[in-house]
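Encoded as structure tokens, the structure appears first; notes follow it.
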Amino acid sequence: MEYDVIVVGAGNAALCAALSASEFAKKILVLERAPEAESGGNSRYTAGLMRVAYSGVEDLKRMMPELSAAEIARSDFGTYTEEQFLDDMGRVTEYRCDPDLTEVLVRNSLSTVEWMRHKGARFTAAWGRQAFNIGGKFKFWGGLTVEAVGGGPGLVESLTAIARKNGVEIWYQARAIELLTDDSGVVGLKIKYRGKTQTLFSKSVVLAAGGFQADPEQRTRYLGPGWELAKVRGTRFNTGDGIRMALAAGAAPTGNWSGCHAVAWERNAPEFGDLAVGDQFQKHSYPWGIYLNAEGKRFVDEGADFRNYTYAKYGRVILSQPGQFAWQVFDAKVKAQLRDEYKIKQVTKRVGNTLEELVSKLEDTNQPAALEEIRQYNAAVQTDIAFNPNVKDGRCTKNLRINKSNWANTLDTPPFEAYAVTCGITFSFGGLKINTDAQVVSSDGAPIPGLYAAGELVGGIFWFNYPGGTGLTNGAVFGRIAGRNAARN
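The sequence shown begins at 2 in this note's numbering and counts up one residue at a time.
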């Protein structure tokens, strides 16, 4: 039971680490706590979007060689430079993101996804999620263009098959319990495999087992009171095992331990993610409408920025509202722009042919206050400014307690619709300190020999918020680095 590299986890970051390690060593083992049907961590629950810096179509074709001339002709992909990516990372994290790790992430984003493509993973342009068809041409917005074919499930299944093809061994229902160490560093793991405790030895270990978001006790301890009430968007197995083991072995904690990625999520969704529904419980079209809380009041600027740059922090705002929920309200003018997730059966949806009828159906809500709030909002919309979903159009409200900065449309065209949402937590931001070689750093300041980490359990990269699509890219970039260096160790 001795391996060159053992990888803990079987999501995007872990499988990239295993694939990378297999280029330099032969005996690679992946330990997945979940049964095979639920494997893949949070990666399986994502849309498969990956934020990548690119200079134009030629860069995109490096990742998506199947792009046809017709598809290119009907698409305005624009560019998303490394400088723009770095600026977005700094801006949304309030310039707290680790500068060295962030630069590695950005500078390696394109080459890493290209490497994944060469390994056999397939990608396509995100026409359905990140582009609007204006005048017969799709225009991409928000710096996010690439998605895995088949979304998160497709990515996990593809990487799993590729790993096996490259000789990587995968054990399911194998939970890592403790890192084994001696004076030379990390030398293996104690695990529980199908109910039996075993000891495995390894020259290096890569931790890529996700954050602590599926553990309500740790959520409340680190994120604060009330977080035990949040829904978990993804897997029930991400309870911080990798973080706990590494801290016990002397690793340094770092990052935004009271922060997390959390979004607007179907109010009556189950406590954990449902693989049959995937990420469709999310409700991300709020920039085209307004939010109302239980008191019937707006509480956030729905048009502060593109959805890519606000959705990951608004879940926290919703959790702080009375009753930990809110309504998203739209009229018929924007119905065609609502994302597919609004069309699933598992939604808490209310419809009315008048505003009065709609509001009368908003249970658990101060209905007179809600109707007055909508009327005040409608009167404040600057209708002389043209609506344009592809840019921050400046169509705003004026003289409200909370103004809407962009995409402010009057709610005046029936039928009117409202969707009830709560907070769905995706992953925690606090985690292990690593260096640019993906080595886990000890609390004494030096790397822990034989220990590497990648993905959600790494701290210091995301603070307060994150640019959409950066999570998978982060996992792939540092997973590749961790696997390579672990195998060379």
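Beta carbons are placed, not taken as given, at the ideal position from N, Cα and C, and that holds for glycine. Quick caveat, the model's predicted, so the values are computed rather than measured.
Quick check: Gly-460 and Val-264, are their CB atoms within less than 7 Å of each other? no
Would you give the residue range spanned by the alpha helix (DSSP H) that Phe-326 belongs to? No alpha helix (DSSP H) contains Phe-326, which DSSP labels as neither H nor E.
Take Tyr-312 and list the residues in its own chain whose beta-carbon comes closer than 6 Å to its own, dropping the five residues that flank it on each side. Val-264, His-285
Quick one: what's got a C-beta closer than 7 Å to Ala-253's C-beta in the same chain, skipping five residues either side? Lys-434, Val-442, Ser-443, Ser-444
Tyr-453 - DSSP class collapsed to helix/strand/coil: strand
Any idea if Tyr-467 is buried or exposed, counting beta-carbon neighbours within 10 angstroms, 16 or more meaning buried? buried
Under 7 Å between the Cβ atoms of Asn-109 and Val-478? yes
How about Val-9 and Ala-18: are their beta carbons less than 7 Å apart? no
List the endpoints of the continuous alpha helix (DSSP H) containing His-119. 110–120
Enumerate, from N- to C-terminal direction, the unbroken alpha helix (DSSP H) stretches of 4 or more residues contained entirely within the segment 306–384. 312–320, 356–361, 368–381
Alpha-carbon to alpha-carbon, Ala-38 and Arg-165: 16 Å
Starting from the Cα of Ala-175, find the closest Cα among Asp-242, Asp-438, Ser-361, Gly-155 and give me that residue. Asp-242
Nearest to Thr-355 (by Cα), restricted to the options Cys-261, Met-2, Leu-412: Leu-412
For Thr-474 and Leu-106, believed in contact at Cβ under 8 Å, the rounded distance: 7 Å
Val-58 and Phe-78: beta carbons closer than 7 Å? yes
I'd like to know whether the C-beta atoms of Ser-21 and Arg-396 end up nearer to each other than 7 Å. no
Assigned exposure category for Phe-202 - 16 Cβ within 10 Å defines buried: exposed
Whole-number beta carbon distance between Gly-476 and Gly-456, since they are thought to touch under 8 Å: 4 Å
Would you mind sorting His-119 into buried or exposed? The rule is 16 or more other CB atoms within 10 Å of its CB. exposed
According to DSSP, is Asp-77 helix, strand or coil? strand
Could you check where the beta strand (DSSP E) with Thr-125 kicks off and where it finishes? 124–126
Bridge partners of His-285, per DSSP? Answer is none; His-285 lacks a bridge partner.
What residues are listed by DSSP as bridge partners for Ala-419? Val-330, Arg-351
Among the candidates Ser-429, Pro-226, Lys-28, whose CA atom is the shortest distance from the CA of Thr-206? Looking at the sequence shown, residue 206 is not Thr but Val. Comparing Cα positions, the closest option is Lys-28.
Close beta carbons around Asn-269, own chain, < 8 Å, minus the five adjacent residues each side: Gln-347, Thr-349, Ala-421
To which residues does DSSP link Glu-170 through a beta bridge? Leu-30
What's the call for Ser-185, buried or exposed, on a 16-neighbour Cβ count within 10 Å? exposed
Quick check on Asn-134: buried or exposed, where buried means 16 or more other Cβ atoms within 10 Å of its Cβ? exposed
The alpha helix (DSSP H) with Cys-17 in it runs from where to where? 13–22
Simplified DSSP assignment, three categories, for Asp-183: strand
Roughly how many angstroms lie between the CA atoms of Leu-538 and Phe-25, to the nearest whole one? Missing from the structure shown is residue 538; the chain here goes from 2 to 490 and no further.
Beta bridge counterpart(s) of Trp-266 as assigned by DSSP: Gln-283, Thr-423
Who are the Cβ neighbours of Thr-236 in its own chain at under 8 Å, not counting the five residues just before and after it? Ala-35, Glu-39, Gly-41, Gly-42, Asn-43, Arg-45, Tyr-46, Gly-211, Ala-215, Phe-273, Gly-274
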